[in-house]
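Protein chains in written order, with this note's numbering: chain A, 11 to 420; chain B, 11 to 420.
So the structure is just underneath, and the comments pick up after that.
Here it is as structure tokens:
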């Protein structure tokens, strides 16, 4: 019989996708759906990049080198140098987005059945790639009450087995917005050295931090000389320059064997997209003003959002210090149901919301049943409207915990 | 101890790469190196695509749908319809080149340790992807004396085990240029049905056939209704429209479960490159003239090349009917050594050649020791010069079989 592989069957479906059909239906019915569910920035790419696009005049669209176009690699090298990270060119390999970077890195450090440790809630696609590669993801839960900071070391060490090859961290964090402190990174460094584990850090939001005391500057995993062989960093221009569709990311490590191994993977897939690399190179060479302005915008939104959420009854948000997400605990028992209900049954002035239910960010979906992830990739006016809608929806939703308690009390 | 995964260690290095340093050195020394080693077409992309590129005026570079931009999918659907292949939109998923297509398809049909059957010589990166995914590639040798046609059915059936999930074919073939006949495809169809195996056909060279009797029109794996669930086709615009650097390919299958599984992989990596998809869409909508002209050019080169090779002493080429490669048997014992020698020690009017040694196209490198692959992606004048250089090199090379026999006879 023709069969689908177990890994294919086990592959998780995008948690958003299950909701998409309800969003589509709502739109068909004429409702405006405000999307708080996806990390697609509304901010434009740098004007210089758009200008470069308008004057692209290549006579060919040829294969480039498997590790990326040389000018782009040089620009990336300069970018990190400006961020106090000295690298050789061979420490950098350009990938088709951070997605390909994760795929390659996992394959280079694990064999079938090996384990990688990460923290919950997590970027859902880590699990997808792990299933694709036959890797077990072991998780340690971070808690909203502690702002999703690094869990206790003893809990981490408990999870380490002879099959554990790496700790995977997202800093600043998607979905929590938490920015790990220098001290937390040092604790992870100690564990990595003690147990000889790779420390893989997804730093695609590295420019997005909103409080000076939580600076990610100087807090890259690449800033720890002792981790020369242990540190692997994943990066991407998708969020930084609002160029999600370019699919340009990179893997950075000073571990020569890792980079040589990944180069073999890179050769098998030939090269990253050429035109996008030309535009990425432009993005890397613009002045700092663009990013400073972008960060300012996100900070204002963050401040507004968190303030507004803190005033909602029975709603608890963590305090995100970076990226552009926050995890919010709602006074409902099942945010999957609530999210679907908002799309199917609710409207306010003919508008409604799409949010990402928390269940998709946890190994055990139950752990996220009361949470949602909000991405603040909308302008303040839209965000304000979205929060009014959320508030109204929570009042009208018949299955809030309050309503349930009322019924139980009757 | 920090370790590299076994799969990473076992990953094959690009067979070309080992030679690249000698080519670089030759260039440093001022020699012109003519590249017959790589399938990078010298032909320009369609003028309409280059024009579209010059007038790209997007205001964002956003994520697209995971299965590809809708207009592109519609254009692809139309393209196949014109080629007598009726498809639904959901039968098509856009990928980052055929490379990603192979990666996804292998993962969907095999689990760790499963087997896929293919024919030797093969596209070297099939092996790379198989190692990446923990898949065993079992091979059956095709022979230059039989023009690399389909090996005997009994040899194929001998290789089938309970772990075999698919037969993988490249048609028209890279590296041999062989075009499988309708009859051969029917034989494979029967095997696929009898043993319930997927028949995965890499048709990236589907437009490139040079003799009407070897038409690939109507000879797609998708033209066999009985194979509705068994047939999976891989395609790409890289060669067809000389857009290798765009990294746009697709997976096509009417097997719903396969496509649903692959959609989950596609979602994990978010989307294929957006700008390249816009250009790919343009390429799919141009008139047939472009491809007719391109095929005419390659046919002329093929005719010239094969005629010229047939006149060289002790040189045997197969008769390629499609793609733009041919495997050539040389009167030397080790083409790896010969290829390196041409770059390091040989020149003719300060020029030399880079060829792809045959060893990289066989499971057992020894099987390809006397062969090289030539890609005819140079204009006729360059090709002519290249063949003169090859001829001169074979005369001067001190380790030809003839020279060896002379020494033995002394």
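In this text, a Cβ means the ideal position worked out from N, Cα and C, and glycines have one as well.
#### Entry: Extent of the continuous beta strand (DSSP E) run through residue 246 (chain A)
241 to 246
### Task
Kindly indicate the opening and closing residues of the alpha helix (DSSP H) around residue 108 (chain A).
107 to 119
### Message
My assumption, with CB atoms under 8 Å, is that residue 413 (chain A) sits in contact with residue 44 (chain A). Please give the rounded CB distance.
### Response
With 8 Å as the limit, residue 413 (chain A) and residue 44 (chain A) do not qualify as a contact, their Cβ atoms being about 24 Å apart.
### Query
For the 8 Å Cβ check, are there 3 or more pairs between the stretch 145 to 153 of chain A and the stretch 126 to 133 of chain A?
yes
### Task
Please go through the same chain and pick out, in chain order, the residues whose beta-carbon is closer than 7 Å to the beta-carbon of residue 33 (chain A), but skip the five residues on each side of it.
43, 353, 364
### Of the listed residues A:207, A:257, A:189, A:161, nearest to residue 116 (chain A) (C-alpha basis)
A:207
#### Entry: C-beta atoms of residue 100 (chain B) and residue 266 (chain B) nearer than 9 Å
yes
### Message
Strictly by DSSP, which residues pair up with residue 358 (chain B)?
### Response
B:361
### Residue ranges of each beta strand (DSSP E) within the stretch 35 to 92 of chain A, 3 or longer
42 to 45
### Query
Excluding five sequence neighbours on each side, which residues of the same chain lie with their C-beta closer than 8 Å to the C-beta of residue 247 (chain B)?
253, 256, 258, 259, 290, 293, 294
### Query
Under 9 Å between the Cβ atoms of residue 49 (chain B) and residue 385 (chain B)?
yes
### Message
In whole angstroms, give me the CA-to-CA distance for residue 350 (chain A) and residue 388 (chain A).
### Response
21 Å
### Query
Are the CB atoms of residue 102 (chain A) and residue 178 (chain A) nearer to each other than 9 Å?
no
### Task
Give the residues from the stretch 334 to 350 of chain A that approach chain B closer than 8 Å (Cβ to any Cβ), ordered along the chain.
none
### Query
Given that residue 17 (chain A) touches chain B, what residues does it touch there, using C-beta distances under 7 Å?
117, 121
### Message
Buried or exposed for residue 245 (chain B), going by 16 or more other Cβ atoms inside 10 Å?
### Response
buried
### Message
With a threshold of 6 Å on Cβ separation, who are the neighbours of residue 239 (chain A) within its own chain once the five nearest residues in sequence on each side are excluded?
### Response
265
### Query
Just the Cα atoms here: how many angstroms apart are residue 220 (chain B) and residue 314 (chain B)?
13 Å
### Query
Which same chain residues, not among the five before or five after residue 113 (chain B), have their C-beta less than 6 Å away from its C-beta?
139
### Message
With the cut-off set at 9 Å, would you say residue 404 (chain B) and residue 331 (chain B) are in Cβ contact?
### Response
no
### Message
Check for me: the beta strand (DSSP E) holding residue 264 (chain B) runs from which residue to which?
### Response
Premise fails: residue 264 (chain B) is in no beta strand (DSSP E) and is neither H nor E.
#### Entry: Cβ of residue 252 (chain B) within 9 Å of any chain A Cβ
yes
### Three-state class that DSSP yields for residue 167 (chain B) in the structure shown
helix
### Message
Do residue 143 (chain B) and residue 171 (chain B) have their beta-carbon atoms positioned less than 9 Å apart in this structure?
### Response
no
### Query
Which runs of the beta strand (DSSP E), 3 residues or longer, sit entirely within the stretch 252 to 320 of chain B?
259 to 262
### Task
Please state if the CB of residue 287 (chain A) and the CB of residue 60 (chain A) are separated by a distance shorter than 9 Å.
no
### Query
Can you find a C-beta in chain A that's less than 9 Å from the C-beta of residue 267 (chain B)?
yes
### Task
Go ahead and label residue 324 (chain B) buried or exposed: buried means 16 or more other beta carbons lie within 10 angstroms of its beta carbon, across all protein chains shown.
exposed
### Message
Counting C-beta neighbours from all protein chains within 10 Å, is the total for residue 222 (chain B) 16 or more, i.e. buried, or is it exposed?
### Response
exposed
### Message
Spatial neighbours of residue 54 (chain A) within its chain, please: C-beta separation below 8 Å, excluding the five flanking residues on both sides.
### Response
60, 252
#### Entry: Start and end residues, alpha helix (DSSP H) containing residue 397 (chain B)
390 to 406
### Query
Fully enclosed by the stretch 182 to 235 of chain B, which alpha helix (DSSP H) runs are 4 residues long or longer?
192 to 205
### Task
Look up residue 337 (chain A) in the DSSP assignment and say whether it is helix, strand or coil.
strand
### Message
Please classify residue 165 (chain B) as buried or exposed, where buried requires at least 16 other C-beta atoms within 10 Å of its C-beta.
### Response
exposed
### Three-state class that DSSP yields for residue 147 (chain B) in the structure shown
strand
#### Entry: Straight-line gap, residue 186 (chain B) to residue 418 (chain B) (C-alpha atoms, nearest Å)
33 Å
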